[in-house]
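The structure appears below as structure tokens.
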Amino acid sequence: MTNIDALEEITTELINTFEITSPPVPVEVMLKEPLEGMWEEVDINKLSGTFLKIKDVHSPRMSLARLLARHIVYSDWGKERNLLTLVPDEDAIHTFARMLIMPRNLLDKMQNNARTPVSVSMQFEVPEEDARIRLQEISQT
420 MTNIDALEEI TTELINTFEI TSPPVPVEVM LKEPLEGMWE EVDINKLSGT
470 FLKIKDVHSP RMSLARLLAR HIVYSDWGKE RNLLTLVPDE DAIHTFARML
520 IMPRNLLDKM QNNARTPVSV SMQFEVPEED ARIRLQEISQ T
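So the sequence shown is numbered by the working numbering: it starts at 420 and just counts up by one.
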């Protein structure tokens with residue numbers, strides 16, 4: 420099993436645990452209200468505005484997804500799942516964040532002709548560029 424496959428499985432476990440069945444994935448809620456024993460809650464009201472990258476209307480959600488990814492990786496829950504090894508650097512954080520906010524199991528529910536960067540961007544409330552990258556990542560596995 421590759422690191423990508425393992426991350427996809429962990430992402431599916433998270434999505435199922437939080438009972439998320441349709442987009443958009445509530446990354447803000449996952450940060451603010453983690454389930455017991457998962458990770459420490461984050462008060463996103465205390466985040467600096469400079470933390471959020473604003474290139475697109477949905478850019479703040481991607482910034483929060485990256486924060487969630489980092490938070491999960493370094494949590495006891497993440498360590499139990501070997502995430503420190505699976506997500507060793509910033510590029511891997513970005514990949515994991517895209518998985519969290521655009522999980523494969525939710526993307527797979529979309530009709531093939533609707534699985535375009537524009538459509539994914541609108542449904543998952545993510546920047547179109549991140550949607551394009553995520554669709555490319557999925558097509559390579």
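Each residue gets a CB set at the ideal place from its N, CA and C atoms; glycine is no exception.
Given the structure is predicted, the values throughout are model-derived calculations rather than measurements.
Considering only the beta carbon of each residue, do residue i and residue j sit closer than 8 Å?
i	j	result
residue 449	residue 545	no
residue 524	residue 434	yes
residue 378	residue 539	For residue 378 there is no data in the structure shown, the boundaries of the chain being 420 and 560.
residue 543	residue 443	yes
If you count every other CB in all the chains shown that lies within 10 Å of the CB of residue i, and 16 or more means buried, which is it?
i	result
residue 453	buried
residue 612	Residue 612 lies beyond the residue range present for the chain, which begins at 420 and ends at 560; the question has no answer from this structure.
residue 503	exposed
residue 550	buried
residue 476	exposed
residue 456	exposed
Alpha carbon to alpha carbon, how far is residue j from residue i? Give it in angstroms, no decimals.
i	j	result
residue 548	residue 478	10 Å
residue 558	residue 507	23 Å
residue 426	residue 492	11 Å
residue 421	residue 438	26 Å
residue 505	residue 522	17 Å
residue 495	residue 553	27 Å
residue 436	residue 541	24 Å
residue 555	residue 516	15 Å
*Would you say the segment 483-490 touches the segment 456-464, given that touching needs at least three Cβ pairs under 8 Å?*
yes
*asked:* Does the segment 530-542 come into contact with the segment 505-515, if we say contact requires no fewer than three beta-carbon pairs (one atom in each stretch) closer than 8 Å?
replied: no
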